[in-house]
Amino acid sequence: MSLTRDGIAYRVARDLPEGSYVNLGIGIPTLVSEYIPPDREVFFHSENGILGMGGLAKPGEEDPDLVNAGKQYVTLLPGASVFDHPTSFAMIRGGHVTHAVLGALEVAANGDMANWRTPGEKVPGVGGAMDLAFGVHNILVTMMHVTNKGKPKILNKCTLPLTAPRCVKHIYTNMAVIEVTPEGLVLREFAPGMDPKIVQSHTEAPLRVAANCREMDIPAAFQVVHATA
Amino acid sequence: MSLTRDGIAYRVARDLPEGSYVNLGIGIPTLVSEYIPPDREVFFHSENGILGMGGLAKPGEEDPDLVNAGKQYVTLLPGASVFDHPTSFAMIRGGHVTHAVLGALEVAANGDMANWRTPGEKVPGVGGAMDLAFGVHNILVTMMHVTNKGKPKILNKCTLPLTAPRCVKHIYTNMAVIEVTPEGLVLREFAPGMDPKIVQSHTEAPLRVAANCREMDIPAAFQVVHATA
Amino acid sequence: MVNKTLATCREAVASVFDGATILLGGFGDPGLPGQLLEALREQGAKNLSIVHNGSGGGTHALGGLIHDGRVRKLTASFPSHPGNTSFQDLYMKGQIDLELVPQGTLAERIRSAGAGLGGFFTPTAAGTELAAGKETRVIDGRDYIFEKPLHADFAFVRAYRGDRLGNLNYRMAMRNFNVPMATAAKFVVAEIDELVPVGAIDPEDVHTPGIFVDHVVEVVRHPKYLEITTEGR
Amino acid sequence: MVNKTLATCREAVASVFDGATILLGGFGDPGLPGQLLEALREQGAKNLSIVHNGSGGGTHALGGLIHDGRVRKLTASFPSHPGNTSFQDLYMKGQIDLELVPQGTLAERIRSAGAGLGGFFTPTAAGTELAAGKETRVIDGRDYIFEKPLHADFAFVRAYRGDRLGNLNYRMAMRNFNVPMATAAKFVVAEIDELVPVGAIDPEDVHTPGIFVDHVVEVVRHPKYLEITTEGR
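Chains as they are written, first to last, in the working numbering: chain A, -3 to 225; chain B, -3 to 225; chain C, 5 to 237; chain D, 5 to 237.
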């Protein structure tokens, strides 16, 4: 078994603490806001100048002047604020945004991350990815554990151009939760039905298995039979 | 005859064009706002975050949250705005404030100005003086032409520490209006009853007399018998 | 009486010259001065250097200007609009230059220009491909790169309300790049939804004081610019 | 539930330690957190390094703290308050250090710290006495000097309204140094006139978003801080 994309988002959401200020990348990260426990206050930041962002606007209720960084119409929660780009990136670069949940193409054992240049892309685009990777203390990566072709994305060394060196703190995949430590990667949790050896077999970089490493506690709805496992 | 302090302010006020954005220093410059012709729109800026400042607040009508850079309670005109210090000094340093009217202790023939360190002062203070002198294109100096002891303040070279080099565009004194040009000082106007020779005799730096140099057109109420002339 | 209003977008873009550098506000649709862009497209100036977060899509607004071959250089953080675009076509043919700048660095370079600064050191991109050729410096133990201010000839921004003095007020997420851009160009024009009397915008609600603005043009918001776009970040 | 409110100024200043660097907002009375300052005076921490535009007058608020000999260094643009002050006395005796910074440079250094930058080049003061010892650079033909960010352990600011999330709204000329200072310290406390429910401050009226603020304390505005001061600029 492994996690669905929503399962990965669900698992990350559990780890975002009360009162955290969180920027969500596009893709799996966008799903995270759906799974914050209702009794927990987490504040979502959008690069284009929003703090306290709510969910997507319902059809017919879009505010034409209110989109998120992915250009989707969004809502605001009570206590939200809006501001300009310099202020928004002061929040990011100045370390005020406490967590960023980002997709990645590759992560290395030392926390290096590559997520801005896709192989074969025609036009490069960086957006706010580097500002986030350099500025935010807790970079949480969400991604499928291996590529569509089954190749590991957690590597000894990144092969793609880096977004930022040594920036990743935790990796959440459909197979595992991995912590990046000064001594290398530490396997904290594995998907239900998996075990550390299976996770390692899909990971190029060596994983140390944490003393309290355990199977993820995750609802069945977020689990699927994993094609490559 | 020479001009009163209000006379100097009156003369400067005539030269501030419609639509100009003006910062007024303390002392004589503060008086300038009183003499803007009523059919002319000039916008006053205060370093502490005000654009479109009106006159001083009447006693009993002070807003405790609204002071000017001199810490006096002021009013706002319709169309005013308030902002923070970084924005206020972006206006100054970025060249958006078009004119600053400042007092000076000394001005040199090349436009050097000294106005921040008083001889014999105990504690130095610079405030926004340097930001204004470096950032604003049109620096207009208002001052008495000579010191209390009758010594020239318009010099070949400043003796006091500079506020900024080559920043002054025009000098307005109780005796004259002088333009600073790349070729040196040019006498544009002299106070009623004076003449270019008298002005030069109170000025260390050489004055060229403009071809159209003339007596100032100024109401009698702004003229006094000049003690040293 | 100071009056910065213009009747039409056509007048507002009349002085744009061939080879001009233009700051173009907006992020997605909010704050994008779409009708100034359409007027610019009709105006005809070419070899333009445009600074904008993205590259636009479709064949209207910025996408249209690029489609018409009027832009020689784009400075952007996210020009990789999904799908085939005019920008992509021209870029692949080597017919348009791209200066790729991280989004926060782009915003800060523009602010730096408007604030009269000579540049700044930022940690963003230090040690990456985007720092190639840039001056680096270690400050208090951390790597930084030097970035210069980004000045321009023109800035076109969009606001919600404006007055004849050029004071602007933005709704919701409209401020984005518009606030710094309005400070950083020699000639600044704002497309606004509503021209209001002086004093109608509370002093505390003026997000771009009139000191920064040369002209305002009231337009009727075109439904075309309200379409939901799918542009990525 | 996030709750950044504290009941008293005493609690708000409790963690200030000897030798701490403190950003102190306000310009004149507007935005000056006078009651936090009085609480700090009672709290007892010493060898403080204070960053504020002026040096305060009299024997209350900052003037009082200096009078009590609790400040070892002042970073200010205009410490030359008219008349005899505690600051002047101590300065003349060599018992307090002064770092004199042009007002715009002071504001920008604080903003730079809050924005995660490594410093910037400014034209202000280039070639003057205040540039002595500073790195200079010619950029596009103009002289600039390098200025570093100004970080701090604490920032004490004053706002008008605030909520339990730390969102702040300022009236009139209260924003001054408070906006940048609230971004540049490890621990930020705001003294506010009125604690309002979350959502009562419109998203467009939040001048300091709660992300920057650790605590808010509602106080009753003391008439003492409403006196007209005669402090020069």
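No residue lacks a Cβ here, since even glycine has one placed at the ideal position from N, Cα and C.
Please read these numbers as outputs of a predicted model, since none were measured by experiment.
- Neighbourhood of L169(D) in chain A, by CB distance below 7 Å: G75, in chain order.
- In the DSSP annotation of this structure, the continuous segment of the alpha helix (DSSP H) that includes V8(A) starts and ends at 1 to 11.
- From the listed residues H141(A), E102(A), P33(A), G180(A), the smallest Cα separation to P115(A) is found for E102(A).
- Contact of P127(D) with chain C is assigned, a C-beta pair being separated by under 8 Å.
- Contact annotation: the region 171 to 181 of chain D touches the region 33 to 42 of chain D, with at least three C-beta pairs closer than 8 Å.
- In the three-state DSSP reduction, H166(A) falls in the strand class (E or B).
- T79(C) is bridged by DSSP to V55(C), E103(C).
- At a cut-off of 8 Å between beta-carbon atoms, G67(D) makes no contact with chain B.
- Rounded to the nearest angstrom, the Cβ distance from Y168(B) to T138(B) is 5 Å, consistent with a contact under 8 Å.
- Pairwise C-beta distances place the region 152 to 164 of chain B out of contact with the region 141 to 159 of chain C, as fewer than three of them are shorter than 8 Å.
- DSSP, read as helix, strand or coil, puts S77(B) in strand.
- Using beta-carbon distances, E222(C) does not count as an interface residue toward chain A, since no partner is under 8 Å.
- When the beta-carbon positions are compared, R36(A) and M212(A) stay at least 8 Å from each other.
- Between the region 182 to 201 of chain C and the region 214 to 222 of chain C there are three or more inter-stretch CB-CB distances shorter than 8 Å, so the stretches are counted as touching.
- With a contact defined as Cβ atoms closer than 8 Å, V97(B) and V28(B) qualify at about 5 Å.
- Its Cα nearest to that of D157(C), the residue A186(C) stands out among R165(C), G166(C), A186(C), G38(C).
- Nearest to V63(B) by C-alpha distance, out of G75(B), I194(B), E43(B), is E43(B).
- The secondary-structure analysis by DSSP pairs R162(C) across a beta bridge with E195(C).
- No Cβ of chain C is located within less than 8 Å of the beta carbon of M126(B).
- L181(B) sits close to A201(B), with the two beta carbons spaced by under 8 Å.
- DSSP lists E175(A), R204(A) as the bridge partner or partners of V182(A).
- Counting along the chain, the unbroken beta strand (DSSP E) around M139(B) starts and ends at 134 to 139.
- Residues of the region 87 to 110 of chain B with a C-beta less than 9 Å from any C-beta of chain D: I88, R89, listed in chain order.
- In this structure, the CA atom of E117(A) is about 56 Å from the CA atom of P178(B).
- When Cβ-Cβ separations below 8 Å define contact, A177(C) makes contact with chain A.
- Taking a C-beta cut-off of 8 Å against chain A, the contacting residues of the region 134 to 152 of chain C are L134, listed in chain order.
- In the DSSP assignment, N182(D) falls within the alpha helix (DSSP H) that extends over 182 to 185.
- Residues of chain A with a Cβ closer than 7 Å to the Cβ of I196(D) do not exist, since the nearest Cβ in that chain sits about 15 Å away.
- Against E58(A), chain D offers no close residue; the least beta-carbon distance is about 16 Å (beta-carbon pairs closer than 8 Å).
- In the three-state reduction of the DSSP assignment, E151(C) falls in the strand class, which pools E and B.
- Of S81(D), D22(D), D167(D), R45(D), the smallest CA-CA separation from L66(D) is found for R45(D).
- Looking at A160(B), P188(B), A217(B), the one whose alpha-carbon comes closest to that of M171(B) is P188(B).
- Under the DSSP definition of a beta bridge, N19(A) partners with H41(A), A96(A).
- At a cut-off of 8 Å, the C-beta of H81(B) has a neighbouring C-beta in chain D.
- Of the other Cβ atoms in all chains shown, fewer than 16 fall within 10 Å of the Cβ of T140(C); this residue is therefore exposed.
- At a cut-off of 8 Å between beta carbons, G123(C) makes no contact with chain A.
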